[in-house]
Structure formats: C-alpha cells, structure tokens
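Below is one structure, written out as structure tokens; comments come after it.
Residue numbers (full-length UniProt numbering): 1 to 355.
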C-alpha cells in the first residue's frame, strides 16, 4: 500500500454495508446482475452522472463544426450498418477554446441528435482517496456506457483527468490516468463506435500526448462571431417571450397564432446593425449576462411606471422584451469575462487541430 493510501473499509463505514442496501434504477440493476464484480455503490455513483436531455439544445453558429459532427458521430451512431471501415464514427473528440463558448452545450447537442445516453463526468466523480477506487470507477463508467449505448461520455476540463504525466506525480494519480487512457484505447478497437468520449478544455497544451492520440478529432471552439452573437441574442429573446406568454409561436416565429405577436414587430435589425458591432470578446455566458442585464433595466423601468407596486402589475407580459436602448445601457456595465490569451489557443489550433 502506497504512503497515505488507505483501505476503503478502514475509513468509510458505508463500505461495510451490504450491496443490497443500495437501490438502483432497473437498467442499472440489470448491469449489476451481469457484472457482479462491479460494486453497487460504484454503479450508483456513475449512474448519477447521467444527464437526461429532454429538449433539443440550440447551438448558434458553428455550422462547419456541426457538419463534421453530423458526418463523423451522429449519422454513424444512428445508422452503424451504413458506416463501416473508414466511415465509422470516431471514438474520441476534443473541444478546445476559451471558457464559456458552449463546449458543454455542443456535447449535449450531439447526445440529443444521436439519441445517446449522456454521461457528464467531473473529477470529483472519479478521483478518490481510496487505493484503487478511481480505477474501479473508470471501469464501471465504461462498462455502464457500453451497456447503455449509444452513449456519450463527456469529460469537462479533461486536462484535469489526463494532463501531462510526470515522474513527480503520486502513484495513484498515474494509475488513474493510465486506466482512463486504456479504457479510451479500447473504444478505438470497437467494431462499431457506440461509445464516444468527448473532452472539453481551455488548456489543450496541458493534455498528455497519449490522450491526443485517442482524441482523433480536435476541434477549436472560438469566441462567437457577429452572426452567432446575433442568433444567440435572438434565440434568447424568443425563449423569453414564450416564457412570458407574449408569444405562442414556434421557435422561429414562423407559425404565428396571432398576427400581433410581439416578435413579429421586434426590431431585430437594430440588434444586428447597432448592438452586435459593439459586442466584442464576449463568450456565450457573457451574451446571456448581457440579455439578463437588459431585461433587468426594462424590469425596473416597468416597475417604476407602476409606482414600484408589484400588486399593480397585471401579468408577466407587462414587462415585455428589452429593446436596443436597454441593451445599449446594459453594455455600460456588462464586460467580457474571458481573460485567456487567444494567441496561445490559435497557435495550438494551428499545430494540433484535426477537423
């Protein structure tokens, strides 16, 4: 036993409980019966990473990226019988770029399009102080993904899992990295790619070389361009209008039930020509914050018109949608949150991106 390591049963009272004490969903219970060497506690922990995606995730822009994803992941998963040999799905993808550019949303979009089980894995799920437990959890993760395939295993900040290996690292950390790399290696040899690993990072240069070899597609997700910013703001306003029940149209406002729909008369052109040129260096999270701030300003104005008395406000639709004026005022307080130097990312993309 390495220094500092401990047997789980010595420190964790829950480890002494019987396996029957853990209640599992039916599909996970079936895995437990088929794989008796995997503990129910580990199955329960990994089952907790499964995210149900009920509605389609809207991705503004990134059309070229989505085209590649459709051809190399989604369609091969949906029709594996048509995608064999060189046409089979890739087993590993890396999304790299500044924080807040929608890498997680893009991974969820893939899972929705491919009708795949989505595992969202963070370091806290796999990293354990108990000797050998991280390796067991990794094995459990990939076994469950295979049983619930097609599946997407998404590692956010994947550099925290398989960063560059060093002789100075603790033995337990090296074992975890090696186990994860071996599990990813096994996906490369599967006849039909039914389990896909997707990693996201804003520090691609910190990844181990062995990890890059297993992430065959390495795609740069940059800050949104003007068109993507425009579509994100427009989509946010459409969703807001539907939440306030001042619009009952579909998301593109093509089938208006009432010709007086607020979206049909909204000045989206001013957003495109006046606001968007001023929104530079914003990531997706910043754009969302800008929309929230513009709505806050409108909210305060409307509430003031009712003498600050909420009881006088008849319904949510009274607040309406923020206009170009509200957005311009919001810009005076909302700033880009990204401080990462894009020069480093651009250079790494030039050297290692594989589209």
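Ideal placement from N, C-alpha and C gives every residue a C-beta, glycine not left out.
Secondary structure in the region 47-120: the alpha helix (DSSP H) runs of 4 residues or longer, each lying completely within the stretch, are 63-69, 75-78 and 103-114 in chain order. Straight through space, the alpha carbons of residue 327 and residue 276 are spaced by roughly 10 Å.
Assigned with DSSP and collapsed to three states, residue 333 falls in coil, not helix or strand.
In the three-state reduction of the DSSP assignment, residue 353 falls in the coil class. Closest by C-alpha distance to residue 104, out of 197, 72, 187 and 315, is 197. Under a 10 Å Cβ-count criterion, residue 118 is classified as buried, with 16 or more other Cβ atoms of the shown protein chains found around its own Cβ.
Contact annotation: residue 194 and residue 46 have beta-carbon atoms that are not nearer than 8 Å. If you compare the alpha carbons of 343, 110 and 321 with that of residue 243, the shortest gap goes to 321. In the structure shown, residue 201 adopts extended strand secondary structure according to DSSP, grouped into three states. If you compare the alpha carbons of 82, 69 and 40 with that of residue 216, the shortest gap goes to 69. For residue 286, the enclosing alpha helix (DSSP H) covers residues 284-305. The secondary-structure analysis by DSSP pairs residue 327 with nothing; it has no beta-bridge partner. Residue pairing by DSSP puts residue 219 in a beta bridge opposite 95. Within its own chain, the residues whose Cβ lies closer than 7 Å to the Cβ of residue 317, once the five positions on either side in sequence are excluded, are 244, 245 and 246, listed in chain order.
Note on geometry: alpha-carbon atoms of residue 48 and residue 121 lie some 9 Å from one another. Listed as beta-bridge partners of residue 207 by DSSP are 163.
One Cα belongs to residue 300, the other to residue 306, and the distance between them is close to 10 Å. Inter-residue distance for residue 67 and residue 355 is about 11 Å (C-alpha atoms, whole angstroms).
In this chain, the beta strand (DSSP E) harbouring residue 156 covers 151-156. Apart from the 5 residues on each side of it in sequence, residue 187 sits with its Cβ closer than 6 Å to the Cβ of 91 and 195 in its chain, given in chain order. Taking 8 Å as the cut-off, the Cβ atoms of residue 227 and residue 61 count as close. Residue 150 places its beta carbon less than 8 Å from that of residue 116.
Beta bridge pairing from DSSP links residue 229 with no other residue.
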